[in-house]
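Worksheet: the structure to be examined is printed underneath.
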Amino acid sequence: MKWSLLELRKYQETPLTFHETLDLKAALMKRDNLILDVAPVEVEGLVSVDKKGYIVHYTVQTTLTVPSTRSLEPVELPMDFSVDEVFMTEEQFQSRDEQMSADEILLIEGPLLNLAESIEDNILLAIPMRVLTKEEEAATELPKGNDWEVVSEEEYQRRKMEEAENKIDPRLAKLSELFDSKSKDDDNK
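Going letter by letter, the sequence shown gives residues 22 to 210 in my numbering.
See the structure below:
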């Protein structure tokens with residue numbers, strides 16, 4: 022998905038529309054070793070050209086196979102998302118208005134606008150941190166074994182709070198023992 026910047030100048034009046042199927046399996050698997058498989062990537066969108074830059078809007082549809090974050094079982098992860106990006110040449114970047122943050126602009130290096138890297142980046146960014154199989158999502162109990170268990174963030178915080186409530190400050194431990202011995206003396210009377 023590359024276009025010459027000279028070719029794109031023809032599309033200043035009307036946007037360039039595109040619809041392509043890409044094979045990004047090798048590129049994505051090289052960049053992220055946790056990806057097990059990648060279905061063909063459907064990309065549909067448009068490129069708007071003006072003096073200020075190249076505005077690209079596209080949607081991506083594909084299915085990745087990645088390991089479950091809990092059991093490492095393969096999970097098919099359907100992806101369908103939209104992307105809006107602004108590309109500029111070095112000259113356009115230098116003369117841009119200050120309303121647009123430099124972080125929001127992608128610089129074009131060379132005479133070509135290449136969307137393949139942008140598509141790869143956005144697919145990798147769309148992979149969630151937590152991927153579970155259908156069975157793992159449906160399970161109400163988390164896995165556990167001898168002397169270990171997986172707990173939710175909420176359960177961990179609850180246990181931490183209970184532990185903090187039951188913990189006695191070591192500086193006051195002797196004072197606590199004094200009160201305990203006093204109450205035993207009172208009971209014996």
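The beta-carbon is built from N, C-alpha and C at its ideal position, and this holds for glycine as well.
Treat the numbers as computed from the prediction; the structure is a model and nothing was measured.
Helix, strand or coil at residue i [DSSP, three-state]
i	result
residue 191	helix
residue 57	coil
residue 13	Nothing can be reported for residue 13: it is not among the residues displayed for the chain, which extend from 22 to 210.
residue 82	strand
residue 69	strand
residue 50	helix
residue 121	coil
residue 41	strand
residue 34	coil
Residue closest to residue i, alpha-carbon to alpha-carbon, out of the options
i	options	result
residue 171	34, 90, 43 and 33	90
residue 44	62, 27, 33 and 57	62
residue 123	184, 150 and 109	109
residue 36	67, 24, 52 and 50	67
residue 77	114, 29, 101 and 98	29
residue 100	113, 135, 81 and 173	81
residue 149	111, 162, 164 and 87	87
residue 24	130, 84 and 113	130
residue 71	47, 117, 39 and 56	117
residue 162	176, 56 and 65	176
residue 165	31, 178 and 92	92
residue 55	152, 189 and 125	152
Cβ separation of residue i and residue j, assumed to be a contact under 8 Å, to the nearest whole Å
i	j	result
residue 106	residue 139	6 Å
residue 133	residue 26	7 Å
residue 59	residue 79	The Cβ separation is near 17 Å, so there is no contact.
residue 136	residue 22	4 Å
residue 120	residue 74	Not a contact, Cβ separation roughly 13 Å.
residue 102	residue 147	6 Å
Bridge-paired residues (DSSP) for residue i
i	result
residue 23	135
residue 93	Bridge partners of residue 93: none, in fact.
residue 98	85
residue 109	128
residue 63	42 and 82
residue 103	80
Proximity test, residue i beta-carbon vs the ligand NAP heavy atom, cut-off 7 Å
i	result
residue 53	By its list of ligands, the structure shown contains no ligand whatsoever, and the ligand NAP lies outside what it can speak to.
Secondary structure, beta strand (DSSP E): runs of 3+ residues fully inside the segment 128-172 | 133-135
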